[in-house]
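Quick note, our numbering runs 80 ahead of the 1-based positions in the sequence shown.
The beta carbon of each residue, even a glycine, is placed where N, CA and C say it ideally should be.
In this text the structure is predicted, and so the values were computed from the model without any measurement.
Beneath this line is the structure, given in structure tokens, with notes to follow.
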Amino acid sequence: MSITKTLRLSANHLKLIAIIAMTLDHIADLLYPGFPNIMYPNILHIIGRLTAPIMFFFICEGFYYTKSVKKYITRLFMFAFISHFAYCFAFGINYIPFIEGKIFNQTSIMWTLAWAVVALYVVYGKPQLAQWQKTIFVILICLLTFSADFSCIAVMAIMFMYDNRGNLNKQMMSMELWIVLYSLISYLFVSKTYGIIVLFSILSYPILKNYSGEKGKSTWMKWFFYWYYPLHLIVIGLLRIAMYGNASLLF
Numbered sequence: 081m082s083i084t085k086t087l088r089l090s091a092n093h094l095k096l097i098a099i100i101a102m103t104l105d106h107i108a109d110l111l112y113p114g115f116p117n118i119m120y121p122n123i124l125h126i127i128g129r130l131t132a133p134i135m136f137f138f139i140c141e142g143f144y145y146t147k148s149v150k151k152y153i154t155r156l157f158m159f160a161f162i163s164h165f166a167y168c169f170a171f172g173i174n175y176i177p178f179i180e181g182k183i184f185n186q187t188s189i190m191w192t193l194a195w196a197v198v199a200l201y202v203v204y205g206k207p208q209l210a211q212w213q214k215t216i217f218v219i220l221i222c223l224l225t226f227s228a229d230f231s232c233i234a235v236m237a238i239m240f241m242y243d244n245r246g247n248l249n250k251q252m253m254s255m256e257l258w259i260v261l262y263s264l265i266s267y268l269f270v271s272k273t274y275g276i277i278v279l280f281s282i283l284s285y286p287i288l289k290n291y292s293g294e295k296g297k298s299t300w301m302k303w304f305f306y307w308y309y310p311l312h313l314i315v316i317g318l319l320r321i322a323m324y325g326n327a328s329l330l331f
């Protein structure tokens, strides 16, 4: 049996890698609040950079294969709503966006992913719309997601990845262009350490390269991935309060 064959990963395998990486990333936030430039949490945050590209990739796959785009969008928004409260609770953020005068990280990445599918639907699923109408819709979606985790950069990265679907090299190249922009913005306006660590998202490439194109045998895993995100954030929130009181973990 060849090495290449033994490394073939199903969608379930890749999503498990994503949630493990995400959990380690959030544990680093919990144990080392404020993203300090320390080796051990930086290693965990670097591992955590595997998560977003895998999420982006499977949003593209989900949109392509779904039998009902409307049900897919509804499901994502439902979990975006649930995850908003879990995300804010986890990291000590006010549930009402912008009330504390902050712009970034006002809600979870689920909000961004849900709107990314809407953008895909507008651009690729509504041929009757003129190009200028599609452009306006995408701009509005970018404005709606600007203050969420990973900002509107995630929307643009997903759209460019979908446009190159079937060619992983082009997908990763187009995604990395947006990741670099996100890195630069983060470096200048959020955290220099975080801005540099964001660039390690490229480490997801060899993992995605081994995607077998198969879902995996366990059908229950689909809902596990949806529910794990808010549930693990609630656990992080409970630990945050036990360790620090009602203090924020983010920048």
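In the displayed model, Tyr-175 falls within coil according to three-state DSSP, outside both helix and strand. Leaving aside the five residues that flank Leu-111 on each side, none in its chain has a CB nearer than 6 Å to its CB.
DSSP places Tyr-242 within a helical segment (H, G or I) once states are collapsed to three. If you ignore the 5 residues before and after Cys-222, its C-beta comes within less than 8 Å of the C-beta of Cys-232, Val-235 and Met-236, all in its own chain and listed in chain order. In this structure Arg-88 is exposed. Its beta-carbon is surrounded by fewer than 16 other beta-carbon atoms within 10 angstroms. Between Leu-130 and Ala-108, the C-beta gap is not smaller than 9 Å, which leaves the two residues out of contact. Beta-bridge partners of Tyr-291 (DSSP): Leu-89.
For Lys-272, the enclosing alpha helix (DSSP H) begins and ends at 272-277.
Counting the other CB atoms within 10 Å of its CB gives Trp-303 a total below 16, which places it among the exposed residues.
Using a Cβ-Cβ distance cut-off of 8 Å, the segment 189-198 and the segment 137-154 are in contact, since at least three pairs of beta carbons, one from each stretch, lie closer than that value. Asp-105 and Asn-117 have their C-alpha atoms roughly 14 Å apart.
In summary, Thr-299 is exposed, with fewer than 16 beta-carbon neighbours lying within 10 Å of its beta-carbon over all protein chains present. Classified as buried, Gly-317 has 16 or more neighbouring CB atoms from the shown chains inside 10 Å of its CB.
In the displayed model, Gln-213 falls within a helix according to three-state DSSP.
In the structure shown, Gln-251 falls within a helical segment according to DSSP collapsed to helix, strand and coil. Scanning Lys-150, Leu-94, Ala-160 and Ile-153 for the CA closest to the CA of Tyr-309 turns up Ala-160. When C-alpha distances from Thr-187 are compared across Leu-319, Leu-257, Thr-225 and Tyr-306, the shortest belongs to Thr-225.
Under the three-state reduction of DSSP output, Ser-263 falls in the helix class.
Contact annotation, Ile-314 with Phe-169: C-beta distance approximately 6 Å; criterion of less than 8 Å satisfied. In the structure shown, Arg-320 adopts helical secondary structure according to DSSP, grouped into three states. For Val-203 and Leu-156, the gap between their C-alpha atoms comes out near 18 Å. If you look at Tyr-120, you'll find it in the alpha helix (DSSP H) that goes 119-128. Under the 10 Å beta carbon count, Phe-269 is surrounded by fewer than 16 other beta carbons and is classified as exposed.
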